[in-house]
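Each remark here refers to the structure printed beneath this line.
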Amino acid sequence: MAGIFSDDVLDALFRKARSYNGYTDQPVTEAQLHQIWDLMKFGPTAANLMPARLIWCVSQAEKDKLAALSSGTNAAKIRKAPATVIIAMDMEFYEKGPMLFPHADVRPWFAGNDKAIAGSAFRNSSLQGAYFIMAARAIGLDTGPMSGFDNDAVDAAFLAGTNYKSNFISTLGYGDPSTVFDRLPRPEFAEFNKIV
Ligand SMILES: Cc1cc2nc3c(=O)[nH]c(=O)nc-3n(C[C@H](O)[C@H](O)[C@H](O)COP(=O)(O)O)c2cc1C
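Heads up: the sequence shown runs through residues -9 to 186, numbered per the working numbering.
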């Protein structure tokens, strides 16, 4: 790997990137949704089993449906955003093991073990959610991740007939800087770290 990335890149990915509550009118294209997936899919997951399944709500009807199942303050953000994605997790993710991790038979690690399934699905789809945020930033888009919604209702409305469950949702678009809150504390190393 060549040297460290420039300050501009680190700012865009981390230091100046924000969680947005509103967006400009500039639309997000379907090609950009593909670009995000084609980056985020390279983020690591346990045994490469990548449990996340993404449902991209781009039509007003689907955004309205999702907004109606979300908390009061989140609903308006979803309705107005160019897109909102449901980051779901496939609770039978291990069935794709032969394709995704052919080195070993992973099915016995999970089949019938609800605790192992739930832990791995949540951990790894959450990681993929983070890769989604960083991939969106990397192509110049902004996100507004949210967990304030009725998971069971969203599962019934969007994921019926599948073994998927919602993890979290995120708006997506070109962030409107007037909609961000003041940056909250990000403590120095000593506060939350220990080198042993
Ligand atoms: C998993 C997750 C769930 C969140 N849920 C909500 C939410 O329901 N409503 C909301 O307004 N913000 C929500 N946020 C946004 C956070 O409050 C925000 O990312 C955090 O304060 C940092 O803001 P910054 O990225 O602008 O520094 C959520 C963020 C994450 C990552």
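Ideal Cβ positions, reconstructed from N, Cα and C, are used throughout, including at glycine.
For clarity, every value in this text was computed on a predicted model and none was experimentally measured.
Item                                                                                                                                                      : Value
In this structure, what does DSSP give as the bridge partners for Gly163?                                                                                 : Asp132
In angstroms, rounded to a whole number, what distance separates the CA positions of Gly87 and Met40?                                                     : 10 Å
Between Phe100, Phe148, Pro92, Asp(-2), which has its C-alpha nearest Glu196's C-alpha?                                                                   : There is no way to answer for residue 196, as the model of the chain reaches only from -9 to 186.
Less than 8 Å between the beta carbons of Thr161 and Gly134, yes or no?                                                                                   : yes
If you draw a straight line from the alpha carbon of Asp15 to that of Pro72, how long is it in whole angstroms?                                           : 7 Å
Quick check on Asn221: does DSSP put it in helix, strand or coil?                                                                                         : This structure gives no information on residue 221, because the portion of the chain shown stretches from -9 to 186.
If the criterion is Cβ atoms closer than 8 Å, does the pair Met136 and Phe158 meet it?                                                                    : yes
From this set, Val(-1), Pro34, Phe122, which residue's C-alpha is nearest Ile261's C-alpha?                                                               : The displayed coordinates of the chain run from -9 to 186. Any statement about residue 261 would go beyond what the structure contains.
Along the chain, where does the beta strand (DSSP E) containing Thr74 start, and where does it finish?                                                    : 73 to 80
Under a Cβ-count criterion, where at least 16 other Cβ atoms within 10 Å of its own Cβ denotes burial, should Asp80 be classed as buried or exposed?      : buried
Going by DSSP, which residues form a beta bridge with Tyr121?                                                                                             : Answer is none; Tyr121 lacks a bridge partner.
With a Cβ-Cβ cutoff of 8 Å, do Asn11 and Val170 count as a contact?                                                                                       : yes
Mind the definition here: the stretch 53 to 69 touches the stretch 19 to 26 only if three or more C-beta pairs lie below 8 Å; say whether that holds.     : no
Going along the chain, which residues of its own chain have a beta-carbon closer than 8 Å to the beta-carbon of Leu90, five neighbours each way excluded? : Ala37, Asn38, Leu39, Met40
Which class does Arg69 belong to by DSSP, given the choice of helix, strand or coil?                                                                      : helix
Quick one: is Lys155 buried, meaning 16 or more other Cβ sit within 10 Å of its Cβ, or exposed?                                                           : buried
Residues bridged to Ser115 by DSSP?                                                                                                                       : Partner(s): none; Ser115 has no beta bridge.
Closest by CA to Ser168, which one among Asp1, Gly109, Ser9?                                                                                              : Ser9
For ligand 1, is there a heavy atom less than 7 Å away from the beta-carbon of Leu174?                                                                    : yes
So is Val(-1) buried or exposed if we call it buried at 16+ other beta carbons inside 10 Å?                                                               : exposed
Does DSSP put Ser60 in a helix, in a strand, or in coil?                                                                                                  : strand
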